[in-house]
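Under my numbering, think of the first position of the sequence shown as 68, with each following residue one higher.
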Amino acid sequence: VWFNHLQVFHWSTFPCELWYAFCRLHDVRFLFRSIFFWVISIIKYVLLGHRMALDLRFGDGTDISVSEANQVRKIIHKNMVFSSWQKGDIMCIDNFSVSHGRQPTYDLGRKILVAWSTPINKRSLQLPYIEEEDI
């Protein structure tokens, strides 16, 4: 079973990710935000019955519970690798090989740019021939 984007688009994800950030960084701002967004999310999605724009369910249409979403989240967090960034670093990720994401932060100087491309077959590319003297 493939739970592609369950960890992103389940209604409980944002408060949970803020909780994980608090547990990892011990920054109380994440704790307060987690509590705030849990309250908002429970009111909006549980009590009022709203659905997220990208609503996720099992193939038979039944809801994915918070407990089931937590099982997926725990596995993802258990296998996370954090990169130590330095100014000027660039990271390229193969979407077919890894799940990836960004963690909540209060770093206002951080800039993340994302680019998408269509997979290409490198062997089908016709590269120009360059003479050794042109180099």
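All C-beta atoms, glycine included, are put in the ideal place defined by N, C-alpha and C.
Exercise for the section: Please go through the stretch 111-146 and give each complete alpha helix (DSSP H) segment of 4 or more residues, from N-terminal end onward. Expected result: Secondary structure within the stretch 111-146: the alpha helix (DSSP H) runs of 4 or more consecutive residues, fully enclosed, are 133-145 (chain order).
Problem - Beta-carbon spacing of Leu-114, His-77 below 8 Å - result: As a position in the sequence shown, residue 114 is number 47, starting the count at 1. As a position in the sequence shown, residue 77 is number 10, starting the count at 1. Taking 8 Å as the cut-off, the Cβ atoms of Leu-114 and His-77 do not count as close.
Problem - Simplified DSSP assignment, three categories, for Cys-90 - result: Sequence index remark: in the sequence shown, residue 90 carries index 23 (1-based). Residue state, collapsed to three classes: helix.
Problem - Supposed close pair Cys-83, Arg-118 - CB separation, criterion 8 Å - result: What you label residue 83 is simply residue 16 of the sequence shown in a count that begins at 1. What you label residue 118 is simply residue 51 of the sequence shown in a count that begins at 1. No, Cys-83 and Arg-118 are not in contact; Cβ-Cβ is about 18 Å, not under 8 Å.
Practice task
Quick one: grab the DSSP three-state call for Gln-74.
Solution key: To locate residue 74, count along the sequence shown from 1; it is residue 7. DSSP places Gln-74 in helix when its eight states are reduced to three.
Problem - Trp-86 burial status per 10 Å Cβ neighbour count (16 or more: buried) - result: As a position in the sequence shown, residue 86 is number 19, starting the count at 1. By the neighbour-count rule (16 or more Cβ atoms within 10 Å), Trp-86 is buried.
Practice task
Quick one: using the 10 Å Cβ neighbour count with 16 as the cut-off for buried, is Phe-99 buried or exposed?
Solution key: Here residue 99 refers to the residue found at position 32 when the sequence shown is read from its first residue. Classification for Phe-99: exposed.
Practice task
Using beta-carbon positions only, say whether Ser-108 and Ser-134 come within less than 8 Å of one another.
Solution key: Here residue 108 refers to the residue found at position 41 of the sequence shown. Here residue 134 refers to the residue found at position 67 of the sequence shown. Not closer than 8 Å, so no.
Practice task
Please say whether Leu-73 and Ala-120 have beta carbons closer to each other than 8 Å?
Solution key: Here the question's residue 120 lines up with position 53 in the sequence shown. Here the question's residue 73 lines up with position 6 in the sequence shown. Taking 8 Å as the Cβ cut-off, Ala-120 and Leu-73 do not qualify as a contacting pair.
Handout entry: Val-181: CB within 7 Å of a non-hydrogen atom of the ligand FAD
Key = Judged by which ligands are present, the structure shown has none, so any question about the ligand FAD falls away.
Practice task
Taking only the alpha-carbon atoms, compute the straight-line gap between Ile-110 and Ile-187 and give it to the nearest angstrom.
Solution key: Here residue 110 refers to the residue found at position 43 of the sequence shown. Here residue 187 refers to the residue found at position 120 of the sequence shown. The alpha-carbon atoms of Ile-110 and Ile-187 are separated by roughly 45 Å.
Exercise for the section: Compute the Euclidean distance between the alpha carbons of Arg-91 and Leu-192, then round it to the nearest angstrom. Expected result: Your numbering for residue 91 matches position 24 in the sequence shown. Your numbering for residue 192 matches position 125 in the sequence shown. When rounded, the distance between both Cα atoms is 45 Å.
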